[in-house]
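Right, one structure below, let's go through it.
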Amino acid sequence: MGGTESIPVQPEGARLKKIYLHFEEGDEAHHLTLKLTIPSKWSGATIDRLKEFFLETYNEKRPNNKVDPAQFHLEGPENRILRGDETIHDTIKSRDDIYVKSGPSTFKHKKDPLDGRTLAGSPANDDHTEEREREAPKELVQCKNFGCREKFVDSENHELACRYHKAPPTFHDTKKGWSCCSSKMVYDWDDFEKIEPCTVGFHSAVGNQAPVVPAAPIALPTPVVAAPAAPLKSIDDYNKANPDAATSVASITAKPAPPKRTDGKAKCVNYGCQAEYFVDINNDKSCAHHAGAPVFHDSGKYWSCCPKEVKYDFDEFLKVPGCTVGPHKDVRD
Numbered sequence: 001m002g003g004t005e006s007i008p009v010q011p012e013g014a015r016l017k018k019i020y021l022h023f024e025e026g027d028e029a030h031h032l033t034l035k036l037t038i039p040s041k042w043s044g045a046t047i048d049r050l051k052e053f054f055l056e057t058y059n060e061k062r063p064n065n066k067v068d069p070a071q072f073h074l075e076g077p078e079n080r081i082l083r084g085d086e087t088i089h090d091t092i093k094s095r096d097d098i099y100v101k102s103g104p105s106t107f108k109h110k111k112d113p114l115d116g117r118t119l120a121g122s123p124a125n126d127d128h129t130e131e132r133e134r135e136a137p138k139e140l141v142q143c144k145n146f147g148c149r150e151k152f153v154d155s156e157n158h159e160l161a162c163r164y165h166k167a168p169p170t171f172h173d174t175k176k177g178w179s180c181c182s183s184k185m186v187y188d189w190d191d192f193e194k195i196e197p198c199t200v201g202f203h204s205a206v207g208n209q210a211p212v213v214p215a216a217p218i219a220l221p222t223p224v225v226a227a228p229a230a231p232l233k234s235i236d237d238y239n240k241a242n243p244d245a246a247t248s249v250a251s252i253t254a255k256p257a258p259p260k261r262t263d264g265k266a267k268c269v270n271y272g273c274q275a276e277y278f279v280d281i282n283n284d285k286s287c288a289h290h291a292g293a294p295v296f297h298d299s300g301k302y303w304s305c306c307p308k309e310v311k312y313d314f315d316e317f318l319k320v321p322g323c324t325v326g327p328h329k330d331v332r333d
């Protein structure tokens, strides 16, 4: 990425990136893919500068199909629109496939073309323009589309201005995500905020919540006199009248109690314990166990009394220390 343009300020943490740029508009004979290595010192350059560099190269390689860079914009993976004034460092990852698409670039910080002001990413304004901009502040409106935190000027709103989610967020146990992108559930809050929006459209001061539909008036039902209920018969009465029935008490074989051990030991059935212990020395401080039952959700495992201790390996789950102390408990207790 050469040229006479001054080298942009290198962002902190910038690294070399290798990407693929694709032009696939129009006839296949005019398509072009370029493998590009972006040095770290160019990470502060704008997306529009990257677009212009690529299309300058394209015009050299395809002189019979020269294009105007102003009539195109760049898109990343999953058709993610890259705004012209954002930086390579903030928007592009190494090994990304970047595509040139028809339609001019959009801008995160768009300036009013009136009074001679220009779009961000184009040549710098003169001192008089900047002064007029300070003297005429614009009223910003907070966008309420799901996942969008930007403020916008109503007169500058357009169909590609907002990247947002179509449906509200969903939180289940420790997992977080958007109900329109249910395949991208995460556990960490920072990862949740990084989930890419799935929709592009206008900013909205109202948001994309579903409209509230007034409930229809409820008609009062006509009273109905119920027939008198048949008298209930007890099980004891039935068993006395039918001593040979399969459901009688005499015909049901009680489940035998577990055999009593002769070694003075028993196996604890408290959650998270399962240890063998001597019955005669059992006391109120013998057993560290969990007060709640185990919970298995997707690949996560935890105790309902300790929901923050989520484990994904079963052995690690079994090692979570008990949160309650008390006596061991036998299956007979």
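Read in the UniProt record's numbering, the sequence shown has 91 at position 91, and its numbers run on one by one without any break. Glycine included, every Cβ here is placed at the ideal spot set by N, Cα and C.
Distance, Cα to Cα, residue i vs residue j?
i, j, result
"P169", "C181", "9 Å"
"C273", "H328", "8 Å"
"A14", "T57", "25 Å"
"N157", "K151", "10 Å"
"H73", "K176", "32 Å"
"L140", "S94", "35 Å"
"I98", "D68", "18 Å"
"G201", "E78", "16 Å"
"G207", "W178", "15 Å"
"K108", "P63", "32 Å"
"A136", "S155", "With a pLDDT of 47 at A136, under the threshold of 50, the modelled position of this residue cannot be trusted; read the value that follows with caution. A136 and S155: Cα-Cα distance of roughly 14 Å."
"V279", "D330", "9 Å"
"D48", "K35", "18 Å"
"K51", "A45", "11 Å"
"D313", "K319", "10 Å"
Does DSSP put residue i in a helix, in a strand, or in coil?
i, result
"E316", "helix"
"T199", "strand"
"Q10", "coil"
"H89", "helix"
"A205", "coil"
"C180", "helix"
Tell me the residue span of the beta strand (DSSP E) that contains residue i.
i, result
"L16", "No beta strand (DSSP E) holds L16; DSSP gives it neither H nor E."
"D97", "97 to 102"
"P276", "The question names Pro, but residue 276 in the sequence shown is Glu. It spans 276 to 278 - the beta strand (DSSP E) in which E276 sits, taken as one unbroken run."
"L74", "72 to 76"
Give a yes or no on whether the C-beta atoms belonging to residue i and residue j are separated by under 7 Å.
i, j, result
"E276", "K285", "no"
"N65", "H30", "yes"
"L21", "F54", "yes"
"P197", "R163", "yes"
"K308", "F317", "no"
"A288", "G322", "yes"
"G84", "S102", "no"
"F146", "H172", "no"
"H290", "Y271", "yes"
What is the residue span of the alpha helix (DSSP H) that residue i lies within?
i, result
"I47", "47 to 61"
"F192", "189 to 193"
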